[in-house]
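Chemist:
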Amino acid sequence: MLKNILYSIHRILGTILSILFLVWFLSGFVMIYHTFPKATERDKNKHMDTLQGDMPALDSILANNIPKDEEISALSLKSYAGTPFFEVKTSDSIYRIPASPDMELKTPPDYQEIKAYAQRWCQAEIVRVDTLRELEQWIPFGPLRKDFPIYKFYFGDEGKSQLYVSSVSGDALQFTDKDSRFWAWLGAIPHWVYFTSLRQNSQQWMDVVIWLSGIGSIMCIAGLILGIRSYIKEYRRKKKMKSPYRKFAYKWHHILGFMFGIFVFTFVFSGMMSLAKVPGWMVKVHDPSAEKRLYSKQKIESGTYTLDYRRLYEKYHGQIKSIEWSFFGQKPIYKAVIDDRLHTIDASGTSVLAMQLDEAAIKSRISLLHKEPAVISLMDEYDNYYVGLTDHLPLPVYKVQVEDADNSIYYINPKNGNTRYFNNNTKVRRWSYQALHSFKFKFLAERPVLWNIVMWTTMIGGTLVSLTGVWLGFRYIKRKIKRLKKYICSKKKNNTNICQ
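Residue numbers (this note's numbering): 125 to 624.
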């Protein structure tokens, strides 16, 4: 009875999903080397305006433009179309204030300013501009609707580059060329199911991917049980470990499924876990507010910053493009884009110095988040939760292990304060997603040649399992159609075209 149920589950779901599995594996090969195109932060930094002109005292800007009863949650200085301006966010409003009262800041920027900005992205001339009021393939994300209309610039270069710019902020949203678009069609789009009609609704897209991969996981489990059962049964009968199937497609689907089926399962299951969370009833989170406390923003007050931002501006005059007022714990810092890179500057002293956190600063930061004791160490090699593969995570970092119920771990970059946080729940999610899907754990990450061998071998095996599954599914449908035709014809007295 159970065997028949498992056979039905594996055969029916396999017939439906095998073509999808084949596409996922084939596109996965491309995904090793190419992802969905995007305008990177470094690209955006490169094409930003450089700050120019005399800068005013921050106190005067805030006193003259921001109501005293509004707390400042974010503050930055940048420039657009040659006009430097302060962007101040409060709980009630967003203020954009020119650095000089003699300057005019257009909000939103006009088309000519946006076109001039777009031209920086490519040396070739702009040959065409579309005004988009609907999302399309290269900007399929629902939140981008707030930027409508979006200008799409076509350039006359050999790469057929295309740039998408918001009419609201004047910022670049996406940049592609013919190569990145080609590889995306073969890789990221089918692999991530990045089709505009689906992807523009984030929740619907997530539900579809989770359900498809979840049902696919059930299909794999059924196949693994049946495959192992068949080998055991054959061994008991003939004392030989061989497939009982004689037909070519059945035999090789069974053999390959036995060898690689576990990897087919882990790939599809971990794909589901890329979007799903580990339920709290499985791995409880005792302090759910810990992560929220980590990323919560503090009130910005100019008096907290001992280092006047104008000293930073003067030191990097002609190179600096933006300054953001921020904190690491209670330590004030500036995040400044200089040339095309983001630098973190310690604002607690009077000299312009790059931030370099010591153990005392880390301890002070953690004490704001946890009352429990913590062990702090400087880590100069990767571990299983902080591991570089394609994202080139920096070393050394401070590793903080908190003795709380969640076994919290923090990895803190001493040069910029960037922090990664794990608890028991997110550790399980990391193993069930990144470790299983990309083999992203310390042992393989430190051995790139071995990583490539393992990845290619398992993916080739998964491709062959899926390919034989597609063929068996085709044969299954063909048999069903033949039986249905025979049944219909047996019920009709007069032959029809279908019976001839």
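Ideal Cβ positions, reconstructed from N, Cα and C, are used throughout, including at glycine.
Nothing here was measured: the structure is a model prediction, and the numbers come from that model.
Just to confirm the assignment, what range does the alpha helix (DSSP H) spanning valine 392 have?
Modeler: Unbroken alpha helix (DSSP H) run through valine 392: 372–397.
Chemist: So alanine 198 is in the beta strand (DSSP E); what residue range does that whole segment cover?
Modeler: Residues 196–204.
Chemist: Is aspartate 470 helix, strand or coil when you go by DSSP?
Modeler: DSSP places aspartate 470 in strand when its eight states are reduced to three.
Chemist: For methionine 397, which residues from the same chain have a beta carbon less than 7 Å from its beta carbon, with the 5 sequence-adjacent residues on both sides left out?
Modeler: For methionine 397, where only same-chain residues beyond five positions count, the Cβ hits under 7 Å are Arg553, Ser556, Tyr557.
Chemist: Report the three-state DSSP secondary structure of phenylalanine 265 (helix, strand or coil).
Modeler: DSSP places phenylalanine 265 in coil when its eight states are reduced to three.
Chemist: For the candidate residues Thr390, Ser488, Leu591, Leu348, whose alpha-carbon lies nearest to that of isoleucine 500?
Modeler: Checking every option, the nearest Cα to that of isoleucine 500 belongs to Ser488.
Chemist: In whole angstroms, what is the alpha-carbon distance linking serine 337 and tryptophan 580?
Modeler: Straight-line Cα distance between these residues: approximately 21 Å.
Chemist: Just confirm the distance between the C-beta atoms of proline 520 and aspartate 504, as a whole number of angstroms; I'd bet it's less than 8 Å.
Modeler: About 4 Å; that satisfies the 8 Å criterion.
Chemist: Please name the residue or residues paired with aspartate 254 in a DSSP beta bridge.
Modeler: Paired residue(s): Lys276.
Chemist: Along the chain, which unbroken stretches of the alpha helix (DSSP H) at least 4 residues long are found entirely within the segment 434–491?
Modeler: The qualifying runs are 483–491.
Chemist: Taking the beta carbon of tryptophan 329 as the centre, do at least 16 other beta carbons fall within 10 Å, making it buried, or is it exposed?
Modeler: Tryptophan 329 comes out buried.
Chemist: At 4 residues or longer, what runs of the alpha helix (DSSP H) sit wholly inside the segment 315–382?
Modeler: For the segment 315–382, whole alpha helix (DSSP H) runs of length 4 or above, ordered along the chain, are 320–323, 326–362.
Chemist: Can you name, in chain order, every residue of its own chain whose Cβ lies under 8 Å from the Cβ of tyrosine 204, other than the five neighbours on each side?
Modeler: If we look at tyrosine 204 and ignore the five residues flanking it on each side, its Cβ neighbours are Asp173, Leu229, Pro233, Glu237, Tyr241, Gly294.
Chemist: Considering just the uninterrupted stretch of the beta strand (DSSP E) at glutamine 286, what are its terminal residues?
Modeler: Unbroken beta strand (DSSP E) run through glutamine 286: 286–290.
Chemist: Closest to leucine 492 by C-alpha separation, out of Phe160, Ser446, Lys416, Tyr433, would be which residue?
Modeler: Out of Phe160, Ser446, Lys416, Tyr433, Lys416 has the C-alpha closest to the C-alpha of leucine 492.
Chemist: Does the beta-carbon distance from glycine 585 to glycine 138 come in below 7 Å?
Modeler: Taking 7 Å as the Cβ cut-off, glycine 585 and glycine 138 do not qualify as a contacting pair.
Chemist: Can you tell me whether serine 420 is helix, strand or coil according to DSSP?
Modeler: Serine 420: coil per DSSP, three-state reduction.
Chemist: Hey, quick one: how far does the beta strand (DSSP E) through glutamine 558 stretch, first residue to last?
Modeler: Per DSSP, glutamine 558 belongs to no beta strand (DSSP E) and is neither H nor E.
Chemist: Counting beta carbon pairs with one atom in the segment 260–274 and one in the segment 217–227, are three or more of them shorter than 8 Å?
Modeler: Because the criterion of three Cβ pairs below 8 Å is not met, the segment 217–227 and the segment 260–274 do not touch.
Chemist: Just mark arginine 323 as buried or exposed, buried being the case when its beta carbon has 16 or more other beta carbons within 10 Å.
Modeler: Looking at its Cβ environment, which holds 16 or more other Cβ atoms inside 10 Å, arginine 323 is buried.
Chemist: Could you tell me how far apart the beta carbons of serine 291 and leucine 297 are, in whole angstroms, since I believe they sit closer than 8 Å?
Modeler: Not really, about 10 Å apart at Cβ, beyond 8 Å.
Chemist: Under 7 Å between the Cβ atoms of proline 314 and serine 426?
Modeler: Not closer than 7 Å, so no.
Chemist: Measure the C-alpha to C-alpha separation of isoleucine 345 and phenylalanine 389 and round it to an integer number of angstroms.
Modeler: Their Cα atoms are separated by approximately 7 Å.
Chemist: Any contact of the segment 172–186 with the segment 142–162, i.e. 3+ C-beta pairs under 8 Å?
Modeler: The segment 172–186 vs the segment 142–162: no contact.
Chemist: Taking a contact to mean a Cβ-Cβ separation below 7 Å, would you say lysine 459 touches serine 450 in this structure?
Modeler: Cβ atoms of lysine 459 and serine 450: closer than 7 Å.
Chemist: For glycine 593, count neighbouring Cβ atoms within 10 angstroms of its own Cβ and tell me buried if that reaches 16, exposed if not.
Modeler: Buried, since its Cβ has 16 or more Cβ neighbours within 10 Å.
Chemist: If you drop the 5 nearest sequence neighbours on each side, which residues of the same chain put their C-beta closer than 7 Å to that of glutamate 260?
Modeler: Result list for glutamate 260: Thr320, in chain order.
Chemist: In three-state terms, what does DSSP make of proline 572?
Modeler: Three-state DSSP puts proline 572 in a helix.
Chemist: Distance check for valine 317 and valine 147, CA to CA, integer angstroms please.
Modeler: Approximately 10 Å between the Cα atoms of the pair.
Chemist: For the beta strand (DSSP E) that glutamate 211 lies in, which residues bound it at each end?
Modeler: 207–214 is the extent of the beta strand (DSSP E) around glutamate 211.
Chemist: Would you mind sorting histidine 441 into buried or exposed? The rule is 16 or more other CB atoms within 10 Å of its CB.
Modeler: The residue in question, histidine 441, is exposed, as its Cβ has fewer than 16 Cβ neighbours within 10 Å.
Chemist: In whole angstroms, give me the CA-to-CA distance for tyrosine 429 and glycine 541.
Modeler: Approximately 17 Å, taken between the alpha carbons.
Chemist: When the Cα atoms are used, what is the spatial distance from isoleucine 133 to alanine 569?
Modeler: The straight-line gap from Cα to Cα measures roughly 37 Å.
Chemist: Just list the residues that DSSP pairs tyrosine 298 with in beta bridges.
Modeler: Reading the sequence as shown, one finds glutamine at residue 298 and not tyrosine. DSSP, once it has assigned bridges, lists Tyr288 as partnering glutamine 298.
Chemist: Alpha carbon to alpha carbon, how far is isoleucine 490 from glutamate 483? Give it in angstroms, no decimals.
Modeler: Approximately 11 Å, taken between the alpha carbons.
Chemist: Spatial neighbours of phenylalanine 565 within its chain, please: C-beta separation below 6 Å, excluding the five flanking residues on both sides.
Modeler: Excluding residues within five positions, the ones whose Cβ falls inside 6 Å are Asn508, Ala559.
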